[in-house]
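Residue numbers (full-length UniProt numbering): 1 to 208.
Below is the structure:
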């Protein structure tokens, strides 16, 4: 008979090499060749917990068409932002790794999607290659990183902020121009902490 007093075995937390905000890192990871990642301008995460606590107290209308993944892998936020952008713009994804992940994740909960990503060794390999291909030497996976990627998408004419470390998507309201709406939210991030200079953005846009 098992000893009921024994604590459950905790699965070790996965840690990946952080990605840098470099569009070239993303180009060959499954996006239709007609689309490209381009630098725009990086947001501090200082207010994440405060914002999440406020949103938890009030109800949000979240479209069922928003595909949201929880992030349980340390330093995977760059890849999470890429997956969120592709999963909510499925026409951009051709056959390959990302297409397969998105198809499998369709009817899963955010927690089940997190487990799907954790168990995908090919995704981990792609992420490692992307980190190694950056313009700067990547820090080791165990190093604490204070920068973070999030993703903005337009779904059903609303702007959503997708951050896998939060419990849910954030609906920023009606939106007819993704770049303009996202810029307004990012300006609020900057206004909260004007002394913080580590802000940048990467836009997924159509060539030509």
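Note that CB positions come from ideal geometry on N, CA and C, so glycine has one too.
The structure displayed is predicted, hence computed values, not measured ones.
For residue 151, the enclosing beta strand (DSSP E) stretches over residues 151 to 155.
Residue 108 is not a Cβ neighbour of residue 88, given a cutoff of 8 Å. Apart from sequence neighbours up to five positions away, the residues of its chain that approach residue 116 with a beta-carbon distance below 8 Å are 101, 104, 105 and 108, ordered along the chain. Straight through space, the alpha carbons of residue 127 and residue 173 are spaced by roughly 32 Å. Non-local C-beta neighbours of residue 65 in its own chain, meaning closer than 7 Å and more than five positions away in sequence, comprise 155 and 156, ordered along the chain.
Distance from residue 166 to residue 113 at the Cβ level is roughly 14 Å; contact not present, criterion being Cβ atoms closer than 8 Å. DSSP links residue 161 through a beta bridge to 152 and 170. Cβ contact annotation for residue 97 (same chain, cutoff 7 Å, sequence separation greater than five): 30, 122, 123 and 126, in chain order. Within its own chain, the residues whose Cβ lies closer than 6 Å to the Cβ of residue 80, once the five positions on either side in sequence are excluded, are 71 and 164, listed in chain order. Rounded to the nearest whole angstrom, the C-alpha separation of residue 77 and residue 171 is 19 Å. The Cβ atoms of residue 84 and residue 153 lie closer than 8 Å to each other. In the three-state reduction of the DSSP assignment, residue 66 falls in the coil class.
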